[in-house]
Amino acid sequence: MAMRRWMPLLLAGLLCALCGCGGAEDAGAETGSAARGSGSAGVQEEEPLVDPPLEDEAADTSAEQELAGVIICLDPGHGVTSARAQERVSPLSQETKAAYVSGASGRSQTEEEVNLAVALLAREQLEARGAQVILTRQTSEATVSNIERAQMANDANADLCIRIHADGSDDPSVSGMSMQVPVGELLGTPEIEQPSARAAEIILAEVTAATGASSRGLAPRSDLTGFNWSEVPCVLLEMGFLSNAQEDALLATDAYRQQIASGIVSGVCRWMESER
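Just so we're aligned, residue 1481 is where the sequence shown starts under our numbering, counting upward by one.
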């Protein structure tokens, strides 16, 4: 009997306990769900993202190294020296010419100065693109014969030798850029004739485009010692006339020299791409 009287109370207490626990569980489940949702959102925000600029930088780095493995010889013409000597014009001839020749002069600069300045700028840009660069001289005072210049490029097995010069004329109105290229029966390595002509055409187009200078085209030469002794493709850029007041003034500026150097490098890149 006593048990029957307490039974309703026991059932009521049990129901209350059950309701209380159920409410706590529901609240905990909701809180836990919210917490998990918040945590999930946090994880999404922290996921690593592909950063487009990094991809662009990687592409730029690849582009900058497009001349990796390429060997370029830059030969800034002339040099200040008191030496006097004769050298053979070609390994196929006994004819000789002066081994050391002074260059043209402008109003405020000499040819060996501007030749070297442009060569140094071109070297910097070529090396930035991954090329190995050989310079035949690095100072204005230099005693380097034309055969020795050719042999430096040969010994390095250069992909291309670029001889850098400025022109002169008795007529001060003459202006423009040109490329001299090796031809003729005195070439010790006749195989260089065609690749040299292709390189000259491309580089001249790029340099004139970069500077706005007029092009005088390609000039074939069979009498240049540096060409005839060369065993690698070789070209000679005439950057303009120091005897022309306007071109002399341009060639004296860092900006114009930089444009020439940039044109040389663009031309080398285009030529190498065409040779691959």
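C-beta atoms are modelled at their ideal positions from N, C-alpha and C, and glycine is treated no differently.
Distance, Cα to Cα, Asp1703 vs Glu1607?
Looking up residue 1703 in the sequence shown gives position 223. Looking up residue 1607 in the sequence shown gives position 127. So the two alpha carbons sit approximately 32 Å from each other.
Measuring alpha carbon to alpha carbon, tell me which residue in Gln1739, Asp1728, Gln1674, Asp1555 is nearest Glu1755.
As a first step, residue 1755 is located in the sequence shown; it is residue number 275 there, counting from the start. Among Gln1739, Asp1728, Gln1674, Asp1555, the Cα nearest to that of Glu1755 belongs to Gln1674.
Asn1637 and Ile1552: beta carbons closer than 8 Å?
Here the question's residue 1637 lines up with position 157 in the sequence shown. Here the question's residue 1552 lines up with position 72 in the sequence shown. The answer is no: Cβ separation not under 8 Å.
Spatial neighbours of Ser1588 within its chain, please: C-beta separation below 7 Å, excluding the five flanking residues on both sides.
What you label residue 1588 is simply residue 108 of the sequence shown in a count that begins at 1. Cβ neighbours of Ser1588 beyond the five flanking positions: Ala1732.
Could you check if Ser1582 is buried or exposed, using at least 16 other CB atoms within 10 Å of its CB as the buried criterion?
Stepping through the sequence shown from its first residue, residue 1582 is reached at position 102. By the 10 Å Cβ count, Ser1582 comes out exposed.
With a 10 Å radius around its C-beta and 16 neighbouring C-beta atoms as the bar for buried, classify Thr1576 as buried or exposed.
Position 96 of the sequence shown holds residue 1576. Answer is exposed; the Cβ neighbour count stays below 16.
With distances taken Cα to Cα, identify the nearest neighbour of Gln1660 among Glu1628, Thr1669, Ile1642.
Along the sequence shown, read from residue 1 onward, the residue named residue 1660 stands at position 180. Checked all of Glu1628, Thr1669, Ile1642; the closest Cα to Gln1660 is Ile1642.
To the nearest angstrom, how far is it from the Cα of Asp1718 to the Cα of Ser1710?
For the purposes of this step, residue 1718 is taken as residue 238 along the sequence shown, with counting starting at 1. For the purposes of this step, residue 1710 is taken as residue 230 along the sequence shown, with counting starting at 1. As written in the sequence, residue 1718 is Glu, which differs from the Asp given in the question. Rounded to the nearest angstrom, the two C-alpha atoms are 19 Å apart.
Below 8 Å on the Cβ atoms is my contact criterion, and I expect Ala1633 with Val1712 to pass it. Report the Cβ-Cβ distance as a whole number of Å.
To locate residue 1633, count along the sequence shown from 1; it is residue 153. To locate residue 1712, count along the sequence shown from 1; it is residue 232. Contact flag correct, Cβ pair sits at about 5 Å.
Looking only at its chain, what residues have a beta carbon closer than 6 Å to the beta carbon of Ala1514, apart from the 5 residues adjacent to it on each side?
Residue 1514 sits at position 34 when you count from the first residue of the sequence shown. Any reading at Ala1514 must be qualified, since the residue scores a pLDDT of 39, below 50, and its modelled position is unreliable; the value itself is stated next. Taken in chain order, the list of residues that qualify is empty.
Label Asp1651 either buried or exposed according to how many other C-beta atoms from any shown protein chain fall within 10 Å of its C-beta, with 16 as the threshold for buried.
One-based indexing of the sequence shown puts residue 1651 at position 171. Exposed.
Below 8 Å, can you find three or more Cβ-Cβ pairs linking the stretch 1731-1749 to the stretch 1676-1691?
Flag = yes, the stretch 1731-1749 and the stretch 1676-1691 touch.
In the DSSP assignment, the alpha helix (DSSP H) including Thr1705 goes from what residue to what residue?
Locating residue 1705 in the sequence shown gives position 225, counting from the first residue. Start and end: 1705-1708.
Are the beta-carbon atoms of Val1569 and Asn1708 separated by less than 8 Å?
On the sequence shown, residue 1569 is found 89 positions in, with the first residue counted as 1. On the sequence shown, residue 1708 is found 228 positions in, with the first residue counted as 1. Cβ atoms of Val1569 and Asn1708: closer than 8 Å.
Nearest-angstrom Cα distance between Thr1669 and Leu1730?
If you number the sequence shown from 1, residue 1669 lands on position 189. If you number the sequence shown from 1, residue 1730 lands on position 250. Answer to the nearest angstrom: the Cα atoms are 36 Å apart.
Considering just the uninterrupted stretch of the beta strand (DSSP E) at Thr1688, what are its terminal residues?
Against the sequence shown, residue 1688 aligns to sequence position 208. Taken as a continuous stretch (DSSP letters only), Thr1688 belongs to no beta strand (DSSP E), being part of the alpha helix (DSSP H) at 1673-1691.
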